[in-house]
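Mapping of the first sequence onto numbering that gives the first Met the number 0: residues 0 to 559, in sequence order.
Contents: one structure, followed by commentary.
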Amino acid sequence: MPDEEKKPVHFIKSIILEDIANNKNDARVHTRFPPEPNGYLHIGHAKSICLNFGLAQEFNGKCNLRFDDTNPSKEDQEYVDSIIEDVKWLGFDWEDRLFFASDYFQQFYEYAIQLIKAGLAYVDSLNADEIRQHRGTLTEPGKESPYRNRSVEENLDLFERMKNGEFEEGAHLLRAKIDMASPNINMRDPAMYRIVKASHHRTGNKWCIYPMYDFAHGYEDSIEGITHSICTLEFEDHRPLYDWFIEKVGAYHPQQIEFARLNLTYTVMSKRKLKRLVEEKFVCGWDDPRMPTIAGLRRRGYTPESIRNFCEMIGVGKSESTIDIAMLEHCLREDLNKRALRVMAVLRPLKVTITNYPEGQVEMMEAVNNPEDESAGTRQIPFSRVIYIEQDDFMENPPKNFFRLSPGSEIRLKHGYYITCTSAVKDSDGNVVELLCTYDPETRGGWSEDGRKVKGTSHWVSAQHAIDAEVRLYDHLFTTPTPDVAPEGKDFTALLNPDSLEVLTGCKVEPVLADLPVGAYLQFLRQGYFTKDRDSVAGKLVFNRTVSLKDTWAKVQNKG
RNA sequence: AGCCGAGUCGUCUAAUGGUAGGACAGUGGAUUCUGGUUCCAUACGUGAGGGUUCGACUCCUUCCUCGGCUGCCA
0 MPDEEKKPVH FIKSIILEDI ANNKNDARVH TRFPPEPNGY LHIGHAKSIC
50 LNFGLAQEFN GKCNLRFDDT NPSKEDQEYV DSIIEDVKWL GFDWEDRLFF
100 ASDYFQQFYE YAIQLIKAGL AYVDSLNADE IRQHRGTLTE PGKESPYRNR
150 SVEENLDLFE RMKNGEFEEG AHLLRAKIDM ASPNINMRDP AMYRIVKASH
200 HRTGNKWCIY PMYDFAHGYE DSIEGITHSI CTLEFEDHRP LYDWFIEKVG
250 AYHPQQIEFA RLNLTYTVMS KRKLKRLVEE KFVCGWDDPR MPTIAGLRRR
300 GYTPESIRNF CEMIGVGKSE STIDIAMLEH CLREDLNKRA LRVMAVLRPL
350 KVTITNYPEG QVEMMEAVNN PEDESAGTRQ IPFSRVIYIE QDDFMENPPK
400 NFFRLSPGSE IRLKHGYYIT CTSAVKDSDG NVVELLCTYD PETRGGWSED
450 GRKVKGTSHW VSAQHAIDAE VRLYDHLFTT PTPDVAPEGK DFTALLNPDS
500 LEVLTGCKVE PVLADLPVGA YLQFLRQGYF TKDRDSVAGK LVFNRTVSLK
550 DTWAKVQNKG
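This is the structure in structure tokens:
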């Protein structure tokens, strides 16, 4: 495919290319996406998903979906279900390779026995506090546990009894016997198994001991025949351990490769923080359209293609970076521009009466569904004597570069007629509540034979045909591009944008919107991309603003 | 402080000893029945010093800055 050639060669791809050239692993490429089911997936995970599944696709390999479910106290089936839905929605397929680390618990147990027998693991009976004190610090070596040299027999016996549930949580711990003086703290006799008496979402109460990430993860990869185990930078310090556990049991050895996780401006990406936003009701749930979760982006109206393109565009590297969210929004608009149905919706209605238009007359006007896609066809829109236009589209005393309606000026109603404002009707407070206009019958369809130019074009909705709707305008969740750096003594929630959601009611939309499905990709002409929210009911439609259109007029005004 | 890692336009990312390029954001303009799209133009960068070389983003060296690591989380 010529498309393929344009894809950038990042450092992970170079490694794979070289491995293939050397016929390493028989030139196989097998990756995996290994989420822990303890939260919803976010756009950062999307980067990893696109990387892992994308690499497999590109090199004719495979990619597994594997749940790293080694900690029953934090994990839940709800998360498993949401993760499966999200990866699928993003457009990736793991075929029959849906795996769970918990399926390998027996194998892990046997590896642990093997390490004990080889004198490479021991049961420690220090408590958590004592272990911390023995660990040393970043600059000082640790001290060996007094239990470090228990006999193999004693270790075997104790470990067996740990497994059988004879001890309370925290009473004992199986540790690897490596080096308490290692400059890499991860190598100072790391924990392999801890006692946890919680019910696991898949294995129930079968196990009382659960393996730690460092001990289990390499084996998970090894068992599945993974060739390239791709993870984020913070595991770099753990790679010696990853290698150690695999080598000491003589198992097949995948290669761990670390890359920089995604950070985005104006949002947070840590699961812990996202969870807090949900649990403390700063947002309406994991799929709140302001959340950077896949579920939130989906509900917001993002397309999977736009997210995939974004992940391709940002590249893969090893340096910590924060991507401007404008780049994500660019990918979004680029995709939506090609596919969104153009419709007219008046968010802040201003009544317009066309005084010379016959009372009671209704004309059907033809509207293009998508100027970027001829195959999208056209539809009919009702036009009548009383319509609504946007309040912003009228100014009584306009500045010189205002192209829209003002007393005496003429504009085009998109797909309608040219109209000229003759007067503005005001209420007792002086607010403009209605416009009186005349139309030119010779401009039907929004075009004049005489070549006369009008600068402005407004969208509109026929008053008697309009449907009421609620429109939710979303903005960045945080007021600062870097909400991860909270001001002194303050929590990141202090940085939340109080205007991240503005709810507009009494909006007037085209009749066609009643029949469209939830999730439809729309452009409200001249305003932005929107999608129908699942909160819509027959009498009240609800739309989410996915992203606004670029607005050079707003820019001009702001410079004002 | 110890270990590991990373420093290229405002933000991402290419160039691996031979013209520092692309994207987003910015600016100016053209086109347009969306102040959208599209098109054209334009400004902006190799953390610092020293060394090797005809030639250094690239190699060597000293320094500086930033990030990660002291869970029985992943």
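Backbone N, C-alpha and C define an ideal beta-carbon position, used for all residues, glycine too.
Terminal residues of the alpha helix (DSSP H) in which residue i lies
i	result
Gly527	Taken as a continuous stretch (DSSP letters only), Gly527 belongs to no alpha helix (DSSP H), being part of the beta strand (DSSP E) at Gly527 to Lys531.
Pro239	Arg238 to Val248
Tyr212	Tyr212 to Glu223
Glu17	Phe10 to Ala20
Glu109	Phe104 to Lys116
His44	Ile42 to Glu57
Ile256	It is not in any alpha helix (DSSP H) - Ile256 instead sits in the beta strand (DSSP E) that spans Gln254 to Phe258.
Arg298	Ile293 to Arg299
Span of the beta strand (DSSP E) around residue i
i	result
Trp459	Trp459 to Ser461
Thr551	Here Thr551 belongs to no beta strand (DSSP E); instead the alpha helix (DSSP H) covers Thr551 to Lys558.
Val277	First-last for Val277: Lys270 to Glu278, but that is the alpha helix (DSSP H), not the beta strand (DSSP E).
Asp80	Looking at the DSSP string, Asp80 is not in any beta strand (DSSP E); the run it does join, the alpha helix (DSSP H), is Gln76 to Leu89.
Asp439	Val431 to Asp439
Phe491	Looking at the DSSP string, Phe491 is not in any beta strand (DSSP E), and its letter there is neither H nor E.
Ile324	Not the beta strand (DSSP E): Ile324 falls in the alpha helix (DSSP H), residues Ile324 to Arg338.
Three-state secondary structure assigned by DSSP to residue i
i	result
Pro510	helix
Asn154	helix
Val424	strand
Pro1	Reliability of the predicted coordinates at Pro1 is poor, the pLDDT of 37 falling under 50, and the value obtained from them is presented with this limitation in mind. In the structure shown, Pro1 sits in a helix (DSSP, three-state: H, G or I).
Gly518	coil
Gly141	coil
Ile306	helix
Phe98	strand
Lys176	coil
Thr136	coil
His227	strand
Phe542	strand
Asp483	coil
Ser547	strand
Leu261	coil
Pro7	coil
Phe523	strand
Phe234	helix
Asp128	helix
Thr442	helix
Cross-strand partners of residue i (DSSP beta bridge)
i	result
Pro381	Met363
Tyr209	Arg193
Thr456	Arg411
Glu501	Leu472
Pro348	Glu389
Ala120	Ala175
Gly203	His199
His29	Lys61
Ile313	DSSP lists no partner for Ile313.
Phe402	Per DSSP, none; premise fails for Phe402.
Arg341	Gln522
Proximity to residue i [Cα-Cα], best of the options
i	options	result
Arg39	Lys280, Leu54, Cys49 and Asp80	Checking the sequence shown, residue 39 turns out to be Tyr, not Arg. Closest by alpha carbon: Asp80.
Glu362	Pro497, Ala180, Gln526 and His414	His414
Glu569	Ala250, Phe244 and Tyr209	Outside the displayed span of the chain (0 to 559) sits residue 569, for which this structure offers no information.
Glu237	Asn183, Arg378, Arg289 and Asn24	Correcting the residue identity first, residue 237 is His in this sequence and not Glu. Taking only the C-alpha atoms, the option nearest His237 is Asn183.
Asn148	Val555, Glu487 and Val122	Val122
Asn355	Leu340, Leu494 and Ser383	Ser383
Met364	Ala180, Glu509, Leu172 and Met211	Glu509
Ser305	Leu273, Ala339 and Asp286	Ala339
Arg411	Lys350, Ile229 and Cys436	Cys436
Leu404	Gly455, Ala537 and Arg378	Gly455
Leu503	Arg544, Leu476 and Ala493	Arg544
Lys270	Leu512, Glu74, Ala462 and Gly429	Glu74
Phe477	Ser547, Thr530, Ser499 and Cys506	Ser499
Gln76	Ala55, Asn368, Pro34 and Asp92	Pro34
Phe401	Thr551, Asn126, Glu233 and Gly118	Thr551
Asp178	Leu240, Ser124 and Arg275	Leu240
Asp323	Val195, Asn430, Tyr265 and Cys310	Tyr265
* Is the number of C-beta pairs between the segment 298–306 and the segment 52–62 that are closer than 8 Å three or more? -> The segment 298–306 makes no contact with the segment 52–62, as fewer than three CB pairs between them are under 8 Å.
* To do: Taking 8 Å as the threshold, find out whether the segment 436–451 comes into contact with the segment 464–472 through three or more Cβ pairs.
  => Three or more beta-carbon pairs separated by less than 8 Å are not found between the segment 436–451 and the segment 464–472, which leaves the two stretches without contact.
* Report yes or no: do the segment 109–127 and the segment 244–264 share at least 3 C-beta pairs separated by less than 8 Å? => yes
* To do: Say whether the segment 42–51 touches the segment 255–262, bearing in mind that this needs 3 or more beta-carbon pairs closer than 8 Å, one atom from each stretch.
  => yes
* Asked: Does the segment 280–295 come close enough to the segment 83–90 to have 3 or more Cβ pairs within less than 8 Å?
  -> yes
* Asked: Are the segment 384–392 and the segment 343–353 touching, with three or more C-beta to C-beta distances below 8 Å?
  -> Counting Cβ pairs under 8 Å, three or more are found: they touch.
* May I ask you to verify whether the segment 480–492 touches the segment 514–523, counting CB pairs closer than 8 Å and requiring at least 3? => Contact between the segment 480–492 and the segment 514–523 is absent, because fewer than three Cβ pairs lie under 8 Å.
* Do the segment 24–38 and the segment 216–236 make contact, defined as three or more Cβ pairs closer than 8 Å? -> yes
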